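Below is one structure, written out as structure tokens; comments come after it.
There are 2 protein chains.
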Amino acid sequence: MDKKVSLKDIANHLGVSTALVSYALNHRDKEARVGADMAEKIRKAAAELNYQPNVIAKSLKSGKTNTIGLIVADISNPFFSNIARIIEDEARKHGYIVIFGSSDESAEKSKLLIDVLLNRQVDAFIIAPSEHTEKQIRNLQKRKVPVVLIDRYFPNIETDFIQTNNFQAAYQAVDHLIKNRREKIGMVAYDTGLLHMRERIEGYKEALKDNGIRFKSDWLRKVSYQHFTRDVELGIKSLIEPTLRVDGFFFATNTIAVESLKIINQSGFKVPDDLAIVSFDESIAFDFFYSPLTYIRQSVEEIGKEAVKLALSRIADKTKKPTSVVIDASLVVRSSSKGAGKKK
Amino acid sequence: MDKKVSLKDIANHLGVSTALVSYALNHRDKEARVGADMAEKIRKAAAELNYQPNVIAKSLKSGKTNTIGLIVADISNPFFSNIARIIEDEARKHGYIVIFGSSDESAEKSKLLIDVLLNRQVDAFIIAPSEHTEKQIRNLQKRKVPVVLIDRYFPNIETDFIQTNNFQAAYQAVDHLIKNRREKIGMVAYDTGLLHMRERIEGYKEALKDNGIRFKSDWLRKVSYQHFTRDVELGIKSLIEPTLRVDGFFFATNTIAVESLKIINQSGFKVPDDLAIVSFDESIAFDFFYSPLTYIRQSVEEIGKEAVKLALSRIADKTKKPTSVVIDASLVVRSSSKGAGKKK
DNA sequence: TTTGTTTTGTTAAACGATTAAGCAGTCTGT
DNA sequence: ACAGACTGCTTAATCGTTTAACAAAACAAA
């Protein structure tokens, strides 16, 4: 009961060929014309010997590993680990397992990860792509490796992707702030060319415009991944200074929001009276902020499930036209964005 | 530049045997006595053709997959996703990748996962074991599959494991509460036989005892995974009722704490004046609770790194005596446990 | 000129499965 | 009685590597 038993072991044990054993265990009795009693005998022996097929060998033969490679910015970020969990469950339902890697928003790390996973012959990639990784994605496509992008996408690459309707969500959030009587709304976003971020910014601007508020470029603060803490602090502080003195904030992600809230907490300004706040994404922190945050809820459930679905259908048909799925987000209104001034 | 190029392709391209190519690319020039210029030629060709070895084939031959299987209760739980991130980085440094699975604290799911990963021929497991999975762990050991347990362990199984010193940490936490003039301290823990939980409870009791406080069994509330929300609510509510009216809480995990804080928030009791609080683990929520929580900080960094280290060393030597690593946790004191009553 | 020693390759088996093709027997129908 | 179909199983190639064992040629030593 020590070394693993192989097909050959079963074959020897019964004095038959490995071919027969393979057919029987794969329930190919009919096509392969395996005798009924022999099939039974083989399956019984397999069970007795506790035979477990060697998936590696299977993969080598079939060229399929039943493995999905998942690349996100950081698996320890709740947004991604939540998606990872959904993807894991969904993948296993279909007999796939998930290998993951964190790119830290770095194109080089991303490339390394893709190479590693490619060598592992993953059947498909699910990627939340970092900036400047277009070439990597294109390369995968050229090699006919199924790729599904999540959370972000590249407009000039035809890929399967699934994404929240960032424009709509941002628009809705900012519109909500304005409807709650805020007029000077600051936004803190990541300094990246990635489209999802640009869409959020566009939604913000459009909502201002449609409400007759002229966008001031000082209201938009872009923070870098490298100097995140510093940039957020500087950004928030300058936005609440008398010169600008915004009365509302729209945060482009939960990480930005969490960091910003710390600064706001130190500032003495009160939410929502002095400052109204809406953030993208969720965070358990939002629930415990003294004025629970209004936030944009992306359906990680749907993103994850759809991502696996797209991946599997592309594995099944590599030539089909790319599908893009855009899902609407919902605004969860809580106290941080309550109306200010006169009107209740 | 489409289909992947194999050793054979390079061999054909140069008109040599695959063996030679293999030797050259593995830099076995010396042992295999490959001509210096030929070796050069082969390596150049490989680079030109962008040869990437097929890891699956390698694995089949070598019996090694350079893969670590990670099984935790839930990858979307920050505690585990943080560990996962460390393990991922650490594993990749050594040429390993990580496949993960979430067991949801269920022994059946755990068994399924182990079987799946076993079939994938993972070189080692890193597992945060669920209750009633002793047999599964023993089985792996019997089959000589390297296993490292993290976060929890089984006292009657000799395994490599790495764990926080739960007793010490809990003792320290509760002792701290008492030193801050709390005398009726409630504890909410998971209802599980797993030793890590029992150790936390023991630490709690011992701290009470050493401080001359007689433990009342009503103070200890065990909540099930299945009826988590309900159990927590009932537990907290009964503990703050006049009959018991505890003046301090010790929460056994961050999940319990987060859920409990919600109830406490509704209760009207104030932290730390009416109730002092210390929790195990971290949570971003703790930072934003109006009275930031004092908590026990486990070093996920150390747990993750050590887990990989133990796994690799066991892969290298399967017969060595199991190593157990116990790391001390540190108490991060903040306002939620500030002294009550007279004494500042 | 043999015999040995190096040097530089090649051959072929192996890892553990899958699967097309082949080969005896046994039936069936006319 | 004999072609053809069917049954039940085996052979052997294959996936992409690795590696032990062998071989051929060049060269040195006797």
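Listed in order, the protein sequences are those of chains X and E. FYI, the numbering used here numbers position 33 of the first sequence as 74, with every residue one higher than the one before it. FYI, the numbering used here numbers position 21 of the second sequence as 62, with every residue one higher than the one before it. Ideal Cβ positions, reconstructed from N, Cα and C, are used throughout, including at glycine. Remember, it's a predicted structure, so these values are computed and weren't measured experimentally.
Give me, in chain order, the residues of the same chain whose beta-carbon lies closer than 6 Å to that of residue i; leave out the 5 immediate sequence neighbours on both sides.
i               : result
serine 371/X    : Arg338
lysine 383/X    : For lysine 383/X, the pLDDT reaches just 40, beneath the cut-off of 50, and the residue's location in the model is therefore unreliable, although a value from the coordinates is still provided. Around lysine 383/X: no qualifying Cβ.
methionine 42/X : Note on methionine 42/X: pLDDT 40, under 50, position unreliable in the model; the coordinate value appears next. If we look at methionine 42/X and ignore the five residues flanking it on each side, it has no Cβ neighbours.
glycine 227/X   : Trp260, Leu280, Val287 and Phe290
Leaving out five residues on either side along the sequence, give the residues of the same chain with a beta carbon under 7 Å from the beta carbon of residue i.
i               : result
serine 145/X    : Looking at the sequence itself, residue 145/X is aspartate, so the reference to serine does not match. Ala114 and Asp115.
serine 147/E    : Ser171
tyrosine 92/E   : Val46 and Ile51
glutamate 347/E : Ile203 and Val366
alanine 214/X   : Phe291, Val319, Ile337 and Leu372
leucine 353/X   : His135
lysine 152/E    : Gln177
tyrosine 245/X  : Ala211, Val215, Met228 and Phe291
threonine 174/E : Ala148 and Ser151
Taking all protein chains shown into account, do 16 or more other C-beta atoms lie within 10 angstroms of the C-beta of residue i, making it buried, or fewer, making it exposed?
i                : result
proline 170/X    : buried
glutamate 323/X  : buried
valine 367/E     : exposed
alanine 357/E    : exposed
glycine 276/E    : buried
asparagine 207/X : buried
alanine 77/E     : exposed
arginine 184/E   : exposed
glutamate 300/E  : buried
histidine 68/E   : exposed
serine 308/X     : exposed
tyrosine 331/X   : exposed
asparagine 388/X : This structure gives no information on residue 388/X, because the portion of chain X shown stretches from 42 to 385.
leucine 285/X    : exposed
glycine 56/E     : exposed
glycine 234/X    : exposed
histidine 268/E  : exposed
lysine 385/X     : Reliability fails at lysine 385/X, whose pLDDT of 37 lies under 50, so the model's placement of it is uncertain and the value that follows must be treated cautiously. With fewer than 16 other Cβ atoms within 10 Å, it is exposed.
alanine 88/E     : exposed
Using a Cβ-Cβ distance under 7 Å, would residue i count as near chain X?
i                   : result
tyrosine 92/E       : no
glutamine 162/E     : yes
arginine 375/E      : no
serine 308/E        : no
phenylalanine 26/E  : A query on residue 26/E cannot be resolved here, the shown segment of chain E reaching from 42 to 385 and no further.
phenylalanine 292/E : no
aspartate 201/E     : no
serine 144/E        : no
tyrosine 331/E      : yes
Does the CB of residue i have a neighbour CB from chain E at under 7 Å?
i                   : result
leucine 372/X       : no
arginine 126/X      : yes
leucine 190/X       : no
phenylalanine 321/X : no
lysine 384/X        : For lysine 384/X, the predicted model reports a pLDDT of 41, less than 50, meaning its position is unreliable; a value from the coordinates is still stated below. No - not a single Cβ of chain E is within 7 Å of the one on lysine 384/X.
leucine 61/X        : no
leucine 111/X       : no
asparagine 67/X     : no
serine 117/X        : yes
valine 96/X         : yes
serine 365/X        : no
Following the continuous beta strand (DSSP E) through residue i, name the residue where it begins and the one where it ends.
i                : result
threonine 335/E  : 335-338
arginine 262/E   : 261-264
tyrosine 331/E   : Tyrosine 331/E -> no beta strand (DSSP E), and no H or E assigned at all.
glycine 345/E    : That residue, glycine 345/E, is in no beta strand (DSSP E); its alpha helix (DSSP H) goes 341-357.
isoleucine 116/E : Segment: none, isoleucine 116/E is in no beta strand (DSSP E) and carries neither H nor E.
tyrosine 231/X   : 226-231
So residue i packs on residue j, CB below 8 Å; how close in whole Å?
i                : j                : result
glycine 380/E    : asparagine 221/E : 4 Å
threonine 205/E  : valine 188/E     : Rounded, the Cβ-Cβ distance is 19 Å, inconsistent with contact.
isoleucine 242/X : alanine 230/X    : 6 Å
valine 319/E     : threonine 335/E  : 5 Å
leucine 236/X    : tyrosine 194/X   : 6 Å
isoleucine 281/X : valine 273/X     : That belief does not hold up - the Cβ atoms of isoleucine 281/X and valine 273/X are roughly 13 Å apart, past 8 Å.
Please return the same chain residues whose Cβ sits closer than 8 Å to the Cβ of residue i, not counting the five positions on each side in sequence.
i              : result
arginine 126/E : Gly345
leucine 90/E   : Val46, Asp50, Ile51 and His54
Taking the continuous alpha helix (DSSP H) assigned at residue i, which residues delimit it?
i             : result
valine 215/X  : 207-220
serine 320/X  : Where serine 320/X is concerned, there is no enclosing alpha helix (DSSP H), although the beta strand (DSSP E) it sits in stretches over 317-321.
glycine 104/E : Premise fails: glycine 104/E is in no alpha helix (DSSP H) and is neither H nor E.
Quick check: does the Cβ of residue i come within less than 6 Å of any heavy atom belonging to the ligand MN?
i                   : result
phenylalanine 202/X : The ligand MN is not among the ligands present in this structure, which contains no ligands whatsoever.
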